[in-house]
Amino acid sequence: MSSPFAEGEGPQPPQILKTPVEIQANLRPLLDNHIPLQLRFTERTQRYQTYLVEINRDKGWLALDELIPNDGERLMASGEAFQIEGFHEGVRIAWNNPHPVHLGELDDARCYWAPLPDEILYHQRRNAYRATLSGQSIAAALGGKAVKKPLVGRLLDMSATGCKLSLPGNLQSSLQSGQVYDQLRLELPFGVVTTAAELRHVVFDEKLDLTFCGMRFYGISGLTQRQVERFVYQLQREARRDQVTDRFS
Numbered sequence: 110m111s112s113p114f115a116e117g118e119g120p121q122p123p124q125i126l127k128t129p130v131e132i133q134a135n136l137r138p139l140l141d142n143h144i145p146l147q148l149r150f151t152e153r154t155q156r157y158q159t160y161l162v163e164i165n166r167d168k169g170w171l172a173l174d175e176l177i178p179n180d181g182e183r184l185m186a187s188g189e190a191f192q193i194e195g196f197h198e199g200v201r202i203a204w205n206n207p208h209p210v211h212l213g214e215l216d217d218a219r220c221y222w223a224p225l226p227d228e229i230l231y232h233q234r235r236n237a238y239r240a241t242l243s244g245q246s247i248a249a250a251l252g253g254k255a256v257k258k259p260l261v262g263r264l265l266d267m268s269a270t271g272c273k274l275s276l277p278g279n280l281q282s283s284l285q286s287g288q289v290y291d292q293l294r295l296e297l298p299f300g301v302v303t304t305a306a307e308l309r310h311v312v313f314d315e316k317l318d319l320t321f322c323g324m325r326f327y328g329i330s331g332l333t334q335r336q337v338e339r340f341v342y343q344l345q346r347e348a349r350r351d352q353v354t355d356r357f358s
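Take 110 as the starting number for the sequence shown in our numbering and just add one per residue.
Here it is in structure tokens:
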């Protein structure tokens, strides 16, 4: 089946999941982790941000938060079909909604109820272990010819093939998916590493006033690759040690 979200590259090919158990299991992380979702009405180019705020498995409905910017509310209320995508731990989850939605309330806040999708696209875009930074604050900067001045932020997680950054403010309009940035600078505990990187996806969270960027290392040198792998391995060991400690505490 063709899909507007399908992509031809990645460590694993996209899969279409159709069983209710698979669909709900893969939507649940988007809800539990408060993942920003990108929504686009089928006949329009404007993208909106929303969140999955509830899944009602028994009734077969899901609830979406209000749209940002709010001019999308009019299109939602008029029943236009839309597409949604979200990213979680290297996995792209996407689905289409051709059905009208219903305005409602959840915990005294406005929401939109839509039927659970009949199918979702599941795309594992990387197969390298990705280590999350917990309790560490590591500075990062994105620079080079593609930006007027370096964009300074924080490193959130890292794998042998890429990383995730948070940058202050709304940079969605100035950053372009697929663009290669000449200098990604990461101030790791044992030294600064610099490499080119390709922007794989970019999402702005208005509530946090942060732009989240998924980066893929591009043309990385052997020395820098070894430094990255060393750091990821160190984080992986710490995570395993913490899991053992939690198990026996």
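All residues carry an ideal CB built from backbone N, CA and C; glycine is no exception.
Taking the alpha carbon of residue i as the reference point, which residue from the options has its own alpha carbon closest?
{"i": "residue 126", "options": "149, 210 and 229", "result": "229"}
{"i": "residue 180", "options": "193, 168, 158 and 197", "result": "158"}
{"i": "residue 212", "options": "277, 306, 184 and 307", "result": "184"}
{"i": "residue 317", "options": "210, 145 and 215", "result": "145"}
{"i": "residue 343", "options": "329, 275 and 298", "result": "298"}
{"i": "residue 168", "options": "143, 202 and 224", "result": "224"}
{"i": "residue 258", "options": "280, 246 and 242", "result": "280"}
{"i": "residue 140", "options": "122, 162, 339 and 329", "result": "162"}
Can you find the residues in the same chain that come closer than 8 angstroms, C-beta to C-beta, to residue i, ignoring five residues on each side of it along the sequence?
{"i": "residue 358", "result": "With a pLDDT of only 46 at residue 358, under 50, the local geometry of the prediction cannot be trusted, and no value is derived from it."}
{"i": "residue 302", "result": "294, 295, 333, 336 and 337"}
{"i": "residue 291", "result": "252, 253, 254, 255 and 305"}
{"i": "residue 300", "result": "336"}
Kindly say whether residue i, judged by its beta-carbon, lies nearer than 8 angstroms to any beta-carbon of chain C.
{"i": "residue 185", "result": "Included in the structure is just one protein chain, with no chain C present."}
Among the residues of its own chain, which have a CB less than 7 angstroms from the CB of residue i, if the five just before and after it don't count?
{"i": "residue 166", "result": "133"}
{"i": "residue 341", "result": "238, 240, 267, 268 and 269"}
{"i": "residue 110", "result": "At residue 110 the pLDDT is 34, less than 50, meaning the model places this residue with poor confidence; the figure from the coordinates comes in the next sentence. Here the set comprises 125."}
Ignore the nearest five residues each way along the sequence and tell me which others in residue i's own chain have a CB closer than 6 angstroms to its CB.
{"i": "residue 354", "result": "At residue 354 the pLDDT is 48, less than 50, meaning the model places this residue with poor confidence and gives no usable figure here."}
{"i": "residue 205", "result": "192"}
{"i": "residue 138", "result": "197"}
Can you have a look at residue i and say buried or exposed, based on whether 16 or more other CB atoms are within 10 angstroms of its CB?
{"i": "residue 356", "result": "With a pLDDT of 44 at residue 356, under the threshold of 50, the predicted position of this residue should be treated as unreliable, though the coordinate-derived value follows. By the 10 Å Cβ count, residue 356 comes out exposed."}
{"i": "residue 128", "result": "exposed"}
{"i": "residue 194", "result": "buried"}
{"i": "residue 160", "result": "buried"}
{"i": "residue 278", "result": "exposed"}
{"i": "residue 122", "result": "exposed"}
{"i": "residue 350", "result": "exposed"}
Fully enclosed by the segment 117 to 142, which beta strand (DSSP E) runs are 3 residues long or longer? 124 to 126
With contact counted as at least three CB pairs below 8 angstroms, one residue from each stretch, are the segment 189 to 203 and the segment 149 to 158 in contact? Three or more beta-carbon pairs separated by less than 8 angstroms link the segment 189 to 203 to the segment 149 to 158, which places the two stretches in contact.
When the Cβ atoms of the segment 277 to 293 are set against those of the segment 239 to 256, are three or more pairs found closer than 8 angstroms? Under the three-pair Cβ rule at 8 angstroms, the segment 277 to 293 counts as touching the segment 239 to 256.
Tell me the start and end of each unbroken beta strand (DSSP E) in the segment 240 to 314 that is at least 3 residues and wholly inside, in chain order. 248 to 252, 260 to 267, 271 to 277, 289 to 297 and 300 to 314
Does the count of Cβ pairs from the segment 214 to 225 and the segment 155 to 174 closer than 8 angstroms reach three? yes
Would you mind listing the beta strand (DSSP E) stretches within the segment 198 to 232 that are 3+ residues and don't spill past its ends, in chain order? 200 to 206, 211 to 215 and 218 to 224
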